[in-house]
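K.L.:
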Amino acid sequence: MEKYLNRKVLFIIPIIFLFALLFRIFYSYIDTQEQMNEFAYKEAQSLQSLAIAHRNYYQELYVNKTIPLNKNTLKGLPAYSSYFINQKFSQNNPFKISLQTVSDRARNPKNKADAQELQAINYLKEHPTQKEYFSSDNPNYYQYASALTIENRCLKCHAQREDAPKFIRQKYKNAYNYKLGQLRGIVSIKIPKENLNNYFIQHFIYSALYDTLAFIMLFTIIYFIAKKSKQINSYLQQAVIEQTKKLKETLVKERLTGLANRLQLLEDIDSAKDKNNKHLALINIDNFKDINDFYGHDIGDALLIELGRKIDTSCSDTHTTVYKLPSDEFAVFTCQDITADDFKQRISQLLHTINKTQYTISDYAIFLTVSCGIASDENDLIIKADMALQVAKSSKANFVVYDNVVDTTENVNKNIRGIALLKDAIENDKITPYFQAIYNLHTQKIEKYESLVRIITDTGDIITPYQFLNIATKSKLYHHITYTMIEKTFAFFEDKEAFEFSINLSIDDILNERTVAFILKKLSDYPAPQRVVFEILEDNEIKNYEEIRIFIQKVKHYNVKIAIDDFGSGYSNFSHVLELNVDYLKIDASLVKNITHNENAKKITQTIVSFAKNIGLKTIAEYVEDEASLKILESFDVDFVQGYYIGKPAPTLL
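For the sequence shown, our numbering begins at 39 and goes up steadily by one.
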């Protein structure tokens, strides 16, 4: 009887395992389908957010008249360009996702809604409170749609036809008579099921094969154990539970580091959408491509693993999860009941630890730095944190908090206004030099002037470089300012033979071949180049000393003099002064303005003056604002002084 029961148990075990395996595969398949639907929906929402941000940005360029609306610029409108952008986008993304603005009353036939899109439009019209539509009914693709309603800025071209711009009336006969708030069309996103299905089914197949192999191994082990032990039930139950947990984790784990992946992050953020406290930090390795190129991808992968361990160890509390995102990016997400400032402080400490750590990989000692973007309690948390990350990387900041970035709309608008101001100033000759006197303490005379750039607006306002020079550099308009300043300053001083005059040059000017050629041509044509002084900014970040030396050598051919500006700021390199063959050292304003009350400022200034005299250079002290400062500088035997106490910058000479 006991043998019969044992045989029966052994006969039942493989049947149980077979059903368990089939059930596991079926469950994994259903779970994969749900994951695929959820992924399609979340991916569509993310793309929609990007498309709307892109659309609003370019519409603002037309509304603000940064780009004039006419038949030549019509192709730049989002409504016109969306079809062509979609063609490129759908070709270049791995899932062949299409993203386009369509309408049931499209002006451009290429933007006409198809049957599935018309169904979405009709649904949104019938349910005006709904802002989006998602359907998986079509066997070929997922259809997502986001409502585009008529806003005030749309009425210019879509209200009464007779009120539309002439070139619009001539080009289009339809899509008029819209009213404010009426549905104009949709942002249509189609995600092909085949490509997405291949991606998820591949993981499902691997999971199923892994399940099958695992169950076969488990069955083999348990089959032999079952012959000798009555503890098979408890062991089998525990093994199945643990294995099921591991198999489920394979869908949400990053392969290289074993950390949670982007899909898990999306799920966790969605699960926390109703919570009051949620914080996200995106951490990106600076110049990781250079590390890969220098050490090789194997070292790069090992470094990612080590960094993942470092971050995970530092964020070990139960309320915080660390994720490995694509490429060289990590994420830290928490719903812990802490303030945004507390989270920022924790991340700041983490970044400090990362940046000071030496990572030893295959006997290589590697140091790295990271940039970080932080967002707290925001909708579109990933997008907002990524905005902050991009600002951190572009500004070379260690980290940036989204609250401090503001919504980039204001920064964009400010930059747009700044660029418009610069373009107007360049095109309408509003860039003008102002001149500040430089006084010789030995002869008690004004012998030189520094030429300083200003923009004079139509209303007579004087715009200083602080307000536009950074934008000029980033927008590649900077060299136009240099050309204008050289042209006008040379012309102004041509008949003023009693004075030397100086013009500021940046490292960008010196490294620009066209600008250097322009400078050399002006010097060769100028009747008195020996009265010209070029001021070069002393900057800690200057690495191109050889290029600067060559430039100085070229202009010295015309007997031009060279001054190092802001000398004494940061860590001044005295050895490079000897190599560069300069004529003047301009003592940094931060030293001069503190010289009456700061002993360190006095000592540093005296050191600079002594150094200059020993090697035969003249010194110029900037920012002389009062008589007390002047007396001290005179006692130090400074050669020249400059500042408001001597004279303010003005369009004429003193």
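C-beta atoms are modelled at their ideal positions from N, C-alpha and C, and glycine is treated no differently.
All figures in this text were calculated on a predicted structure; none of them were measured in a lab.
#1: Apart from the five residues on each side of it in sequence, which residues of its chain come closer than 8 Å, Cβ to Cβ, to residue 285?
#2: Could you compute how far the alpha carbon of residue 475 sits from the alpha carbon of residue 677?
#3: My guess is that residue 318 and residue 420 are in contact by the Cβ rule of under 8 Å, so how many angstroms apart are they, rounded?
#4: According to DSSP, is residue 375 helix, strand or coil?
#5: Between the region 512-530 and the region 541-559, do three or more beta carbon pairs fall short of 8 Å?
#6: Is the beta carbon of residue 603 sitting closer than 7 Å to the one on residue 584?
#7: Tell me residue 230's beta-bridge partners as DSSP assigns them.
#8: May I ask which residues mark the beginning and end of the alpha helix (DSSP H) holding residue 645?
#9: To the nearest angstrom, how far is the alpha carbon of residue 257 from that of residue 52?
#10: How long is the line joining the alpha carbons of residue 173 and residue 180, rounded to whole angstroms?
#11: Please report the straight-line C-alpha distance between residue 608 and residue 182, rounded to a whole angstrom.
#12: Compare the Cα-Cα distances from residue 347 to each of 361, 336 and 638 and report the closest residue.
#13: Shortest alpha-carbon distance to residue 326 belongs to which of 407, 497, 307 and 422?
#14: Could you compute how far the alpha carbon of residue 209 sits from the alpha carbon of residue 104?
#15: Taking DSSP as the reference, what is the three-state secondary structure of residue 680?
#16: What is the rounded straight-line gap between the Cα of residue 600 and the Cα of residue 590?
#17: Quick one: using the 10 Å Cβ neighbour count with 16 as the cut-off for buried, is residue 682 buried or exposed?
#18: Mind checking which residues open and close the beta strand (DSSP E) that includes residue 192?
#19: Mapping the DSSP letters down to three states, classify residue 690 as helix, strand or coil.
#20: Distance, Cα to Cα, residue 468 vs residue 455?
#21: Under the three-state reduction of DSSP, which class applies to residue 429: helix, strand or coil?
#22: List the DSSP bridge partners of residue 573.
#23: By the three-class DSSP mapping on this structure, what secondary structure does residue 145 have?
#24: What residues in its chain sit with their C-beta under 7 Å from that of residue 443, if we drop five residues either side in the sequence?
#25: Report yes or no: do the region 161-170 and the region 188-208 share at least 3 C-beta pairs separated by less than 8 Å?
#26: Whole angstroms are fine: how far does the CA of residue 524 sit from the CA of residue 557?
#27: Which residue wins for smallest C-alpha separation from residue 299, given the options 309, 308 and 288?
#28: Would you kindly work out how many angstroms separate the C-alpha atoms of residue 627 and residue 379, rounded to a whole number?
#29: Our contact map puts residue 351 next to residue 370 with C-beta atoms below 8 Å; I'd like the distance itself, whole angstroms only.
#30: Return the chain-ordered ranges of every alpha helix (DSSP H) run that is complete within the region 507-536 and spans a minimum of 4 residues.
#31: Is residue 554 helix, strand or coil when you go by DSSP?
#32: Taking all protein chains shown into account, do 16 or more other C-beta atoms lie within 10 angstroms of the C-beta of residue 698, making it buried, or fewer, making it exposed?
#33: Give me the DSSP bridge partner(s) of residue 408.
#34: Are the Cβ atoms of residue 227 and residue 78 separated by less than 7 Å?
#35: Output needed for residue 321: all residues of its chain with C-beta closer than 6 Å, excluding positions within five of it in sequence on either side, in chain order.
#36: Can you check whether the CB of residue 341 is closer than 7 Å to the CB of residue 402?
P.N.:
With the structure as the only source:
#1: Excluding its 5 nearest sequence neighbours in each direction, residue 285 has C-beta neighbours in its own chain below 8 Å: 62, 66, 245, 248, 249 and 252, listed in chain order.
#2: Rounded to whole angstroms, the gap between the alpha carbons of residue 475 and residue 677 is 14 Å.
#3: Rounded, the Cβ-Cβ distance is 7 Å, consistent with contact.
#4: Residue 375 falls in the coil class under three-state DSSP.
#5: Taking 8 Å as the limit for Cβ pairs, the verdict is that the region 541-559 does touch the region 512-530.
#6: The answer is no: Cβ separation not under 7 Å.
#7: When beta bridges are read from the DSSP output, residue 230 appears opposite 179.
#8: Where residue 645 is concerned, the enclosing alpha helix (DSSP H) stretches over 637-652.
#9: Looking at the backbone, the Cα of residue 257 and that of residue 52 are separated by about 7 Å.
#10: Rounded to whole angstroms, residue 173 and residue 180 show a C-alpha spacing of 6 Å.
#11: The pLDDT assigned to residue 608 is 45, lower than 50, so where the model puts this residue is not dependable; a value taken from the coordinates is nonetheless given after this. Distance between the alpha carbons of residue 608 and residue 182: 55 Å.
#12: The residue with the shortest Cα to Cα distance from residue 347 is 361.
#13: Out of 407, 497, 307 and 422, 407 has the C-alpha closest to the C-alpha of residue 326.
#14: So the alpha carbons of these two residues sit roughly 23 Å apart.
#15: Per DSSP, reduced to three states, the secondary structure at residue 680 is coil, with no helix or strand assignment.
#16: Cα-Cα distance, rounded: 7 Å.
#17: Classification of residue 682: exposed, given that the 10 Å Cβ count is below 16.
#18: From DSSP, residue 192 is part of no beta strand (DSSP E); its letter is neither H nor E.
#19: Three-state DSSP puts residue 690 in coil, outside helix and strand.
#20: For residue 468 and residue 455, the distance between alpha carbons rounds to 16 Å.
#21: Here residue 429 sits in helix by DSSP.
#22: Per DSSP, 542 and 601.
#23: Reduced to three states, the DSSP call for residue 145 is coil.
#24: Because the pLDDT at residue 443 is just 47, under 50, the model does not fix this residue reliably, and the point stays unresolved.
#25: With the cut-off at 8 Å, the region 161-170 and the region 188-208 do not touch.
#26: If you draw a straight line from the Cα of residue 557 to the Cα of residue 524, it comes to about 8 Å.
#27: Nearest of 309, 308 and 288 to residue 299, Cα basis: 288.
#28: Between the alpha carbons of residue 627 and residue 379 lies a gap of roughly 35 Å.
#29: So it is not a contact: roughly 12 Å between Cβ atoms.
#30: Within the region 507-536, the alpha helix (DSSP H) runs of at least 4 residues that lie entirely inside it are, in chain order, 507-512 and 516-531.
#31: Reduced to three states, the DSSP call for residue 554 is helix.
#32: Because the chain is modelled from 39 through 692, residue 698 falls outside the range shown and cannot be assessed.
#33: DSSP lists 323 as partners of residue 408.
#34: No, these two residues do not count as a Cβ contact at 7 Å.
#35: So the list reads 368, 408 and 410, once near-sequence residues are dropped.
#36: Not a contact, by the Cβ cut-off of 7 Å.
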